[in-house]
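K.L.:
Those letters in the sequence shown? Residues 1367 to 1490, by my numbering.
For every residue, glycine included, the Cβ atom is placed at its ideal position computed from N, Cα and C.
Just dropping this structure here.
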Amino acid sequence: MKLTADDVVALFEQRYDHQSARTVFRQAADAAGLPAAGPFDGAALGALATSLEAIGDRVDAVVSALRADAGAPSASKPAAAAPKPAAEAPAAAKPAADQPAADAKPAADAKPAADKQPAAPAKK
1367 MKLTADDVVA LFEQRYDHQS ARTVFRQAAD AAGLPAAGPF DGAALGALAT
1417 SLEAIGDRVD AVVSALRADA GAPSASKPAA AAPKPAAEAP AAAKPAADQP
1467 AADAKPAADA KPAADKQPAA PAKK
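So this is what it looks like as structure tokens:
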């Protein structure tokens, strides 16, 4: 699907006001090495989305719309869930019984650190 420059600017207006949408569109087109006059095919829309991510702030909705029109999966949403790798041996997840756990809590009767200074007395 090919979009005109006006169609693409309309996508930018999801994020920006009228004038800012046109300005950011031209900046993104320049950064992608595309003519701002259009038309924009799928590859051009993908390049525009990539350049917008690099120069824009809070542009997820516009990038998603550009990639949807380009026919490419959105970077913020995976196209399909990747299959989970086979689980490793369960013994690897648990520490051995003869080794203390790395996150073990210190004993309750342990002395406080010597480098702490006592609290200053309250002023009257």
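#1: If the criterion is Cβ atoms closer than 8 Å, does the pair V1390 and G1422 meet it?
#2: Answer yes if the region 1390-1409 comes into contact with the region 1368-1381, meaning at least three C-beta pairs across the two stretches below 8 Å, and no otherwise.
#3: Round the Cβ separation of V1428 and L1377 to the nearest angstrom and send it over; I've been treating them as touching at under 8 Å.
#4: Please go through the same chain and pick out, in chain order, the residues whose beta-carbon is closer than 8 Å to the beta-carbon of A1420, but skip the five residues on each side of it.
#5: Looking only at C-alpha atoms, which of S1417, Y1382 and D1383 sits nearest to G1399?
P.N.:
Well, looking at it:
#1: Yes. Within cutoff.
#2: Note that the region 1368-1381 touches the region 1390-1409; at least 3 beta-carbon pairs, one per stretch, sit closer than 8 Å.
#3: V1428 to L1377, Cβ: 6 Å. Contact.
#4: In its chain, beyond the 5 residues on either side, A1397 have a beta carbon closer than 8 Å to the beta carbon of A1420.
#5: For G1399, the nearest C-alpha among the options comes from S1417.
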